[in-house]
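The block underneath contains the structure these notes are about, expressed in structure tokens.
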């Protein structure tokens, strides 16, 4: 996976803001579950949860769930969509 | 009169709308009736109000008001009003009437104090909402509406069976908490279908995107939320619901990644968000039930707003898939801004309604030390922001400008309704007391702590970064995603061949036999004395050739002979009687 410059800048800015907010605004972080009281836990959780959801869902979809041909009508979906757009 | 059930007002309004030809009058009724109900709920009815009637020696209670029913009543009246404003441009009296009837019967369910009233409005709710799907005008609307109705008929039958078993076993007609008997499980099954509990959920993602643009706004508000209400009333504390709720929260998120149709994607997020409420009902503590009620309240408003935004995009462009849209934000700025308010609300950003309601459900799980529930609900929360807050707006409106997409102006009513819904999302987020004060139980939860705000912003901020990294993967794909409706949709053909056709042939055979016999007997009555074969042949010839005169001629003498024979018989009897 190639990380673009804009993404890298966004991550750095996000980290700086998070560290600042966590250092100066949070007095006490209570433990919800393993690791949740740690520094920047929620930033890591958001990032990895997002990546995990997309990858796992896409894998499940392509492996088992998604069909390019409508299983109920037998139509090829690209063609159906193209027709709709042309209407 | 002060305790008249609000459903009566709504149903009278629905009937009037169906009969009145003047569009402006219909518009005023469509908005005025739910506003009247809202006023009634605020100023006339309060905790403890009721209305009873006796029918066939049964003591019914069509109006039973308590704090739980009031929260749902308020938000249903608000949603119906906003829906009416959004549908201001709609000139279809039957759709307007069905929408009012649907909202009214949902309110009827919420205030039903007994099980018979409940099942009555439950079924009417299915019927009126099915009409909104049928009237959608999309190629799949008719079939999807019929499937929707079938599923809800099955659900209603299961519920009715449960209620009858419950009554048969000596249970009370009052709608209270149920035990773990067979009747209780059947009633739970009926409620679970309407709550779209996985795997009984597929009707929702199948049908809602096929409804009309205004119809789907109404649909997004009522059915699943009435189910949450009845679960909270009848099954609070059933631990199975915690497990099912968490599955729903994650299931909707996974399927939303795969979805290309914008309203189907939102429909999957209804399943996900209702999962939070079902989890809260399963936890069953006071704070959890407060969480379920407050999240239902907030969700009705922001999900309505999201459906309004998606509907506006479809209305303006005539396109409904992510792959067919994009690059039109500069031509729909107001819609984009108002949609984003709904997106921030559902994603639980601070100062928006989801932040003060969703976190209450998670807090309830935290209080019960259910750390796995907390973790998985946070995971679902990430998925919610990913899809409704990032994927959907990005691929509908943003990206490189596309001049090939024609953008028509959106009616003013749609924008006004979105504005009011957005104002409520922000209002509840900024001043949560307004919502917390109407919850069923006293509230001690405080959403605005530095820890909660910073952790939420960190999590959502880095979700946005993750989405930006994977934005090419998030792009819509022209595909159909298989869901559990595959089982009953694929079963249609074998059911038709193995059950429906033989049954139809069986009944057709007897129908023909009956017709044949009736025709022969009728001919025999007309021509009783003549040779059957020849007469039938001649009458058949006359019938085939449409020769009425010949038929009448052939019929006349035998009828005369029969009448003469009857008169002669009576004369003989009379004579014998006179002589003796």
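Chains as they are written, first to last, in our numbering: chain A, 1 to 87; chain B, 1001 to 1580. For each residue, glycine too, the CB sits at the ideal point set by N, CA and C. On a predicted model such as this, the values are computed, not experimentally measured, just so you know.
Under 8 angstroms, do residue 1279 (chain B) and residue 1237 (chain B) count as touching if we go by C-beta distance?
As a working mapping, residue 1279 (chain B) is identified with position 279 in the second chain. As a working mapping, residue 1237 (chain B) is identified with position 237 in the second chain. At least 8 angstroms separates the beta-carbon of residue 1279 (chain B) from that of residue 1237 (chain B).
Report the start-end ranges of each alpha helix (DSSP H) in the segment 1206 to 1243 of chain B that is 4 residues or longer and not cut off at the edges.
The qualifying runs are 1213 to 1219, 1223 to 1234.
Would you list the one or two residues that DSSP bridges to residue 1055 (chain B)?
Here residue 1055 (chain B) refers to the residue found at position 55 of the second chain. Partner(s): B:1058.
Same chain, Cβ closer than 7 angstroms to residue 1354 (chain B), five either side skipped, listed in chain order:
By one-based count along the second chain, residue 1354 (chain B) stands at place 354. Closer than 7 angstroms at Cβ, skipping near neighbours: 1298, 1302, 1345, 1346, 1347, 1348.
Under 6 angstroms Cβ to Cβ from residue 41 (chain A), same chain only, skipping five residues before and after it: list those, please.
For the purposes of this step, residue 41 (chain A) is taken as the residue at position 41 of the first chain. Excluding residues within five positions, the ones whose Cβ falls inside 6 angstroms are 35.
Output the distance between the C-alpha atoms of residue 1048 (chain B) and residue 1006 (chain B), rounded to the nearest integer angstrom.
Here residue 1048 (chain B) refers to the residue found at position 48 of the second chain. Here residue 1006 (chain B) refers to the residue found at position 6 of the second chain. Whole-angstrom Cα-Cα distance: 15 angstroms.
If we count the other Cβ atoms within 10 Å of its Cβ and call it buried at 16 or more, is residue 1444 (chain B) buried or exposed?
Indexing the second chain from 1 puts residue 1444 (chain B) at position 444. Under the 10 Å beta carbon count, residue 1444 (chain B) is surrounded by fewer than 16 other beta carbons and is classified as exposed.
Could you tell me which residues DSSP pairs with residue 1480 (chain B) in its beta bridges?
In the second chain, counting from the first residue as 1, residue 1480 (chain B) sits at position 480. Residue 1480 (chain B) pairs with A:67.
Under 7 angstroms between beta-carbons, which chain A residues line up against residue 1375 (chain B)? List them in chain order, please.
For the purposes of this step, residue 1375 (chain B) is identified with residue 375 of the second chain, where counting begins at 1. Chain A residues near residue 1375 (chain B): 33.
From residue 1097 (chain B) to residue 49 (chain A), what does the alpha carbon distance come to, in whole angstroms?
As a first step, residue 1097 (chain B) is located in the second chain; it is residue number 97 there, counting from the start. As a first step, residue 49 (chain A) is located in the first chain; it is residue number 49 there, counting from the start. Each residue's Cα considered, the two are about 44 angstroms apart.
Taking all protein chains shown into account, decide if residue 1172 (chain B) is buried (16 or more other Cβ within 10 angstroms of its Cβ) or exposed.
What you label residue 1172 (chain B) is simply residue 172 of the second chain in a count that begins at 1. Taking a 10 Å sphere around the C-beta of residue 1172 (chain B), we find fewer than 16 other C-beta atoms and assign the residue as exposed.
In three-state terms, what does DSSP make of residue 42 (chain A)?
Here residue 42 (chain A) refers to the residue found at position 42 when the first chain is read from its first residue. Residue 42 (chain A): helix per DSSP, three-state reduction.
Going residue by residue through the segment 1428 to 1496 of chain B, where are the continuous alpha helix (DSSP H) segments of at least 4 residues, counting only ones entirely within it?
Counting whole runs of 4 or more residues, the segment 1428 to 1496 of chain B contains the alpha helix (DSSP H) stretches 1433 to 1436, 1450 to 1469, 1471 to 1474, 1485 to 1490, 1492 to 1495.
Could you check how far apart the C-beta atoms of residue 1300 (chain B) and residue 1225 (chain B) are, in whole angstroms? I think they sit under 8 angstroms.
As a first step, residue 1300 (chain B) is located in the second chain; it is residue number 300 there, counting from the start. As a first step, residue 1225 (chain B) is located in the second chain; it is residue number 225 there, counting from the start. Going by Cβ atoms, the distance from residue 1300 (chain B) to residue 1225 (chain B) rounds to 6 angstroms, so yes, they are a contact pair.
Beta-carbon neighbours of residue 53 (chain A), restricted to chain B and to distances below 8 angstroms
Numbered from 1 along the first chain, position 53 holds the residue referred to as residue 53 (chain A). Correct list: 1253, 1254, 1257, 1379, 1382, 1383, 1386.
Would residue 106 (chain A) pass as an interface residue toward chain B - the criterion being a Cβ-Cβ separation below 8 angstroms?
Since the displayed chain A opens at 1 and closes at 87, residue 106 (chain A) lies outside it and no answer follows.
8 angstroms is my cut-off, CB to CB: does residue 1371 (chain B) come that close to chain A?
Here residue 1371 (chain B) refers to the residue found at position 371 when the second chain is read from its first residue. It does; some Cβ of chain A falls within 8 angstroms.
CA-CA distance, residue 1125 (chain B) and residue 1318 (chain B)?
For the purposes of this step, residue 1125 (chain B) is taken as residue 125 along the second chain, with counting starting at 1. For the purposes of this step, residue 1318 (chain B) is taken as residue 318 along the second chain, with counting starting at 1. Taken atom to atom, the span from the alpha-carbon of residue 1125 (chain B) to that of residue 1318 (chain B) is near 29 angstroms.
Tell me which residues share the same chain as residue 1428 (chain B) and place their Cβ nearer than 7 angstroms to its Cβ, disregarding the 5 neighbours each side in the sequence.
As a position in the second chain, residue 1428 (chain B) is number 428, starting the count at 1. So the list reads 1298, 1353, 1356, 1434, 1435, once near-sequence residues are dropped.
Candidates B:1239, B:1205, B:1380, B:1460, of which the one nearest residue 1484 (chain B) by Cα
Counting from 1 along the second chain, the entry for residue 1484 (chain B) is found at position 484. Looking at the Cα atoms, B:1205 is the closest of the given residues.
Can you give me the Cβ contacts of residue 1134 (chain B) inside the same chain, cut-off strictly under 7 angstroms, excluding the 5 residues immediately before and after it?
Counting from 1 along the second chain, the entry for residue 1134 (chain B) is found at position 134. Hits under 7 angstroms: 1141, 1142, 1145.
Distance between beta carbons of residue 1262 (chain B) and residue 1310 (chain B), contact taken as under 8 angstroms:
Working through the second chain from its first residue, we reach residue 1310 (chain B) at position 310. Working through the second chain from its first residue, we reach residue 1262 (chain B) at position 262. Contact holds; Cβ gap of about 5 angstroms.
Thinking C-beta only, is residue 51 (chain A) closer than 8 angstroms to residue 1470 (chain B)?
Residue mapping note: residue 1470 (chain B) aligns to position 470 of the second chain, counting from 1. Residue mapping note: residue 51 (chain A) aligns to position 51 of the first chain, counting from 1. When the beta-carbon positions are compared, residue 1470 (chain B) and residue 51 (chain A) come within less than 8 angstroms of each other.
Hey, quick one: how far does the alpha helix (DSSP H) through residue 1367 (chain B) stretch, first residue to last?
To locate residue 1367 (chain B), count along the second chain from 1; it is residue 367. For residue 1367 (chain B), the uninterrupted alpha helix (DSSP H) segment begins and ends at 1353 to 1367.
Round the Cβ separation of residue 1223 (chain B) and residue 1129 (chain B) to the nearest angstrom and send it over; I've been treating them as touching at under 8 angstroms.
Translated into the one-based positions of the second chain, residue 1223 (chain B) becomes position 223. Translated into the one-based positions of the second chain, residue 1129 (chain B) becomes position 129. Correct: roughly 6 angstroms between the Cβ atoms.
Classify residue 1114 (chain B) as buried or exposed, calling it buried when 16 or more other Cβ atoms lie within 10 Å of its own Cβ.
Looking up residue 1114 (chain B) in the second chain gives position 114. Within 10 angstroms of the beta-carbon of residue 1114 (chain B) lie 16 or more other beta-carbons, which makes it buried.
Short Cβ contact (8 angstroms threshold) for residue 1420 (chain B) with residue 1326 (chain B)
Locating residue 1420 (chain B) in the second chain gives position 420, counting from the first residue. Locating residue 1326 (chain B) in the second chain gives position 326, counting from the first residue. Cβ atoms of residue 1420 (chain B) and residue 1326 (chain B): not closer than 8 angstroms.
In three-state terms, what does DSSP make of residue 1004 (chain B)?
Stepping through the second chain from its first residue, residue 1004 (chain B) is reached at position 4. Note: residue 1004 (chain B) maps to coil in three-state DSSP.
If we require 3 or more residues per run, which beta strand (DSSP E) segments fall completely within the segment 1024 to 1104 of chain B?
Along the segment 1024 to 1104 of chain B, the beta strand (DSSP E) occurs as fully enclosed runs of 3 or more residues at 1050 to 1055, 1058 to 1064, listed in sequence order.
Using a Cβ cut-off of 8 angstroms, which residues of the segment 11 to 22 of chain A contact any Cβ in chain B, in chain order?
Near chain B, meaning a CB-to-CB distance below 8 angstroms, the residues of the segment 11 to 22 of chain A are 11, 14, 17, 18, 21, 22.
So, using beta-carbon positions, are residue 1296 (chain B) and residue 1228 (chain B) closer together than 8 angstroms?
Mapped onto the second chain, residue 1296 (chain B) falls at position 296. Mapped onto the second chain, residue 1228 (chain B) falls at position 228. The criterion of a C-beta distance shorter than 8 angstroms is satisfied by residue 1296 (chain B) and residue 1228 (chain B).
Excluding the five sequence neighbours on either side, which residues of its own chain have a C-beta within less than 6 angstroms of the C-beta of residue 1011 (chain B), listed in chain order?
Here residue 1011 (chain B) refers to the residue found at position 11 when the second chain is read from its first residue. 1104.
Determine, using beta carbons only, whether residue 1268 (chain B) and residue 1249 (chain B) come nearer to each other than 8 angstroms.
In the second chain, the residue the question calls residue 1268 (chain B) occupies position 268. In the second chain, the residue the question calls residue 1249 (chain B) occupies position 249. The answer is no: Cβ separation not under 8 angstroms.
Looking at chain B, is there any beta carbon in it that lies within less than 8 angstroms of the beta carbon of residue 43 (chain A)?
In the first chain, counting from the first residue as 1, residue 43 (chain A) sits at position 43. It does: the Cβ of residue 43 (chain A) has a partner Cβ on chain B nearer than 8 angstroms.
Beta-carbon of residue 1480 (chain B) versus every beta-carbon of chain A: anything under 8 angstroms?
In the second chain, residue 1480 (chain B) corresponds to position 480, counting from 1. For residue 1480 (chain B), the answer is yes, since a Cβ of chain A falls inside 8 angstroms of its Cβ.
Just the C-alpha distance for residue 1165 (chain B) and residue 1183 (chain B), rounded to the nearest angstrom, thanks.
To locate residue 1165 (chain B), count along the second chain from 1; it is residue 165. To locate residue 1183 (chain B), count along the second chain from 1; it is residue 183. Computed Cα separation, rounded: 5 angstroms.
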